[in-house]
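*Asks:*
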Amino acid sequence: MINIIKNVLQKRKVKLFLIFLLGSSLAWFISNLAEQYTNEATFDLHYHSSPDSLLLKKVSKKNIRVRLKASGYQLLVFGFKNKVVNVDLSALRERGRKYYMSPMDYRGQIENELSKYIEILDMDRDTMFFSFQRLVKKKVGVASMVNIDLDQHYLLDKDVKLTPDSITVIGPEIELADLEFIPTKNMTLTKLTGDFSKTVDLELPTDLENTTYSTNQIRVEGEVFKFSERILTVPINVINVPEGVVVRTFPETAEVLCRDRLVNLKKLKENDFEVSADYALFDENDDNILNLEITKKMESINVVRLKEDKVEFILMKQ
1 MINIIKNVLQ KRKVKLFLIF LLGSSLAWFI SNLAEQYTNE ATFDLHYHSS PDSLLLKKVS
61 KKNIRVRLKA SGYQLLVFGF KNKVVNVDLS ALRERGRKYY MSPMDYRGQI ENELSKYIEI
121 LDMDRDTMFF SFQRLVKKKV GVASMVNIDL DQHYLLDKDV KLTPDSITVI GPEIELADLE
181 FIPTKNMTLT KLTGDFSKTV DLELPTDLEN TTYSTNQIRV EGEVFKFSER ILTVPINVIN
241 VPEGVVVRTF PETAEVLCRD RLVNLKKLKE NDFEVSADYA LFDENDDNIL NLEITKKMES
301 INVVRLKEDK VEFILMKQ
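Read in order, the letters of the sequence shown correspond to residues 1 to 318 in full-length UniProt numbering.
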């Protein structure tokens, strides 16, 4: 029993010794962290805010070596951080066609990135030089790839509206030379019976790596209404007939089919339309048949078409 008690006491002494040792070591470590030290570090440089009309292509310096002074604690914390500093290019200096930044300019920016408790004792003193590619601005149209599928007896009032119908692109001239329009992504709107407004993404080119776009999506809008029909009988006017000859068509009138809102159809009159047949286009192999064309119509009516676009004729001498 006595031996057991002795063993327990010895273990407690060992534990107390280890606790005191750990405590004194921690106190020594914390005390040393408060001391000032110097240390060398290498910063990777990240450049941003290039002038609007220029694209950064090459830099003379991608990293920079510095000698720092700070407390042990600050250097310890700093050592666990990603050593990347940002350099703002919006205030570059220009000499001829060359762009550069003096050591004084980029040193000030790097100091602003660091803690106020860290002092830069020394750093590279090389002037930074930059190579840019000039950017151009271009306005291109948007092409809708949206398929509009209307339900039976419904019409789209005028054309689909795209907002915006064009966008601004900025990039190197060589990338934009052949860019004429930007299509939307494919979308199908089915069985529409009413007005619609949808947001659709643009199909931006993936090979124009240095080009930016004013937007990556647009709105597609349209008005849909239930239509009525009306048929008007219009005299056929034969034009370019040779002198001394009369052309008589069978029948002498053509039927024009109109589709729109009923209130608009009620206002239509036969003389709002003109149907013509051009004798100069007659082909003798066509068995005395002329093609018909609507040469005058009400532009406000959504659908206007001929029920028959050909007519037979005979020639009669005067």
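All residues carry an ideal CB built from backbone N, CA and C; glycine is no exception. Just so we're clear, the structure is a prediction, and the values are computed from it rather than from any experiment.
How is residue 367 classed by DSSP in three states: helix, strand or coil?
*Replies:* A query on residue 367 cannot be resolved here, the shown segment of the chain reaching from 1 to 318 and no further.
*Asks:* Using the Cα positions of S90 and V169, report the straight-line distance between them to the nearest angstrom.
*Replies:* Along the sequence shown, read from residue 1 onward, the residue named residue 90 stands at position 90. Along the sequence shown, read from residue 1 onward, the residue named residue 169 stands at position 169. Their Cα atoms are separated by approximately 21 Å.
*Asks:* So, using beta-carbon positions, are N240 and N186 closer together than 9 Å?
*Replies:* As a first step, residue 240 is located in the sequence shown; it is residue number 240 there, counting from the start. As a first step, residue 186 is located in the sequence shown; it is residue number 186 there, counting from the start. In this structure, N186 does not lie closer than 9 Å to N240 by Cβ.
*Asks:* Please give the ranges of any beta strand (DSSP E) in the region 80-167, keeping only runs that are unbroken, at least 3 residues long and fully inside the region.
*Replies:* Entirely contained in the region 80-167, the beta strand (DSSP E) runs reaching 3 residues are, in chain order, 84-88, 93-95, 98-101, 119-123, 128-143, 146-150, 154-163.
*Asks:* So E270 and L315 are supposed to be a Cβ contact under 8 Å. How far apart are they, rounded?
*Replies:* By 1-based counting over the sequence shown, the position of residue 270 is 270. By 1-based counting over the sequence shown, the position of residue 315 is 315. That belief does not hold up - the Cβ atoms of E270 and L315 are roughly 27 Å apart, past 8 Å.
*Asks:* Taking the alpha helix (DSSP H) that I174 belongs to, which residues open and close that run?
*Replies:* Position 174 of the sequence shown, counted from the first residue, corresponds to residue 174. Note, I174: alpha helix (DSSP H), 173-176.
*Asks:* If we count the other Cβ atoms within 10 Å of its Cβ and call it buried at 16 or more, is E243 buried or exposed?
*Replies:* For the purposes of this step, residue 243 is identified with residue 243 of the sequence shown, where counting begins at 1. Label assigned to E243: exposed.
*Asks:* To the nearest angstrom, how far is it from the Cα of T38 to the Cα of T199?
*Replies:* As a working mapping, residue 38 is identified with position 38 in the sequence shown. As a working mapping, residue 199 is identified with position 199 in the sequence shown. Going by the C-alpha atoms only, they are around 58 Å apart.
*Asks:* Give, in chain order, every unbroken run of the beta strand (DSSP E) that is at least 3 residues long and sits entirely within the region 213-275.
*Replies:* Counting only runs of 3 or more, we get 217-226, 228-239, 245-250, 253-260.
*Asks:* Which residue from A254, V238, L268, V246 puts its Cα closest to that of E229?
*Replies:* Sequence index remark: in the sequence shown, residue 229 carries index 229 (1-based). Minimum Cα distance to E229 is reached at L268.
*Asks:* Could you tell me how far apart the beta carbons of E221 and T163 are, in whole angstroms, since I believe they sit closer than 8 Å?
*Replies:* In the sequence shown, residue 221 corresponds to position 221, counting from 1. In the sequence shown, residue 163 corresponds to position 163, counting from 1. With 8 Å as the limit, E221 and T163 qualify as a contact, their Cβ atoms being about 7 Å apart.
*Asks:* Just to check my reading of the structure: Q133 and L55 have Cβ atoms closer than 8 Å, yes? What is that Cβ distance to the nearest angstrom?
*Replies:* By 1-based counting over the sequence shown, the position of residue 133 is 133. By 1-based counting over the sequence shown, the position of residue 55 is 55. That belief holds up - the Cβ atoms of Q133 and L55 are roughly 5 Å apart, short of 8 Å.
*Asks:* How would you call L21, buried or exposed, if buried means at least 16 neighbouring beta carbons within 10 angstroms?
*Replies:* The residue you call residue 21 lines up with position 21 of the sequence shown. No answer about L21 holds up, because its pLDDT of 47 lies below 50 and its placement is not dependable.
*Asks:* With a CB to CB cut of under 7 Å and the five nearest residues on each side skipped, what residues in its chain are close to I301?
*Replies:* Position 301 of the sequence shown, counted from the first residue, corresponds to residue 301. If we look at I301 and ignore the five residues flanking it on each side, its Cβ neighbours are C258, D260, N264.
*Asks:* Looking at the unbroken beta strand (DSSP E) that takes in T295, where does it start and where does it end?
*Replies:* Here residue 295 refers to the residue found at position 295 when the sequence shown is read from its first residue. Unbroken beta strand (DSSP E) run through T295: 289-296.
*Asks:* Is L281 helix, strand or coil by DSSP?
*Replies:* Residue mapping note: residue 281 aligns to position 281 of the sequence shown, counting from 1. Helix, per DSSP.
*Asks:* What residue does the beta strand (DSSP E) around K191 start on, and which one ends it?
*Replies:* Position 191 of the sequence shown, counted from the start, is the residue given in the question as residue 191. Taken as a continuous stretch (DSSP letters only), the beta strand (DSSP E) holding K191 covers 187-192.
*Asks:* Going by C-alpha to C-alpha distance, which of L189, S115, L208, D122 sits closest to L179?
*Replies:* Taking the first residue of the sequence shown as 1, we reach residue 179 at position 179. Comparing Cα positions, the closest option is L208.
*Asks:* At which residues does the beta strand (DSSP E) containing residue 319 begin and terminate?
*Replies:* With the chain covering 1 to 318 only, the question about residue 319 has no answer from this structure.
*Asks:* Span of the beta strand (DSSP E) holding E312?
*Replies:* Counting from 1 along the sequence shown, the entry for residue 312 is found at position 312. Looking at the DSSP string, the run of the beta strand (DSSP E) that includes E312 is 310-317.
*Asks:* Just checking my contact of N210 with E175 at CB under 8 Å: how many whole Å lie between their CB atoms?
*Replies:* Mapped onto the sequence shown, residue 210 falls at position 210. Mapped onto the sequence shown, residue 175 falls at position 175. Right, the Cβ-Cβ distance comes to about 6 Å (below 8 Å), so this counts as a contact.
*Asks:* Is Y117 buried or exposed, if buried means 16 or more other CB atoms sit within 10 Å of its CB?
*Replies:* Working through the sequence shown from its first residue, we reach residue 117 at position 117. By the neighbour-count rule (16 or more Cβ atoms within 10 Å), Y117 is not buried but exposed.
*Asks:* Distance, Cα to Cα, R97 vs D165?
*Replies:* Within the sequence shown, residue 97 is the residue found at index 97, counting from 1. Within the sequence shown, residue 165 is the residue found at index 165, counting from 1. If I take the Cα positions, the gap works out to 37 Å.
*Asks:* So, helix, strand or coil for L45, using DSSP?
*Replies:* By 1-based counting over the sequence shown, the position of residue 45 is 45. Here L45 sits in strand by DSSP.
*Asks:* Given a cut-off of 9 Å, decide if K317 and V245 are closer than it, judged by their beta-carbon atoms.
*Replies:* Here residue 245 is taken as the residue at index 245 of the sequence shown, counted from 1. Here residue 317 is taken as the residue at index 317 of the sequence shown, counted from 1. It is a contact, given that the beta carbons lie within the stated cut-off.
*Asks:* So, with DSSP's three-state summary, where would you put E40?
*Replies:* Position 40 of the sequence shown holds residue 40. Strand, per DSSP.
*Asks:* Just confirm the distance between the C-beta atoms of N291 and D309, as a whole number of angstroms; I'd bet it's less than 8 Å.
*Replies:* The count along the sequence shown starts at 1 and reaches residue 291 at position 291. The count along the sequence shown starts at 1 and reaches residue 309 at position 309. That belief holds up - the Cβ atoms of N291 and D309 are roughly 6 Å apart, short of 8 Å.
*Asks:* Could you check the C-alpha separation between V85 and F43 for me, to the nearest Å?
*Replies:* Walking along the sequence shown from the start, residue 85 turns up at place 85. Walking along the sequence shown from the start, residue 43 turns up at place 43. Using only the alpha carbons, I get a separation of about 6 Å.
*Asks:* Helix or strand or just coil, what does DSSP make of N32?
*Replies:* On the sequence shown, position 32 is the one that residue 32 refers to. Only weak support exists for where N32 lies, its pLDDT of 48 falling under 50; the coordinates are left without a value.
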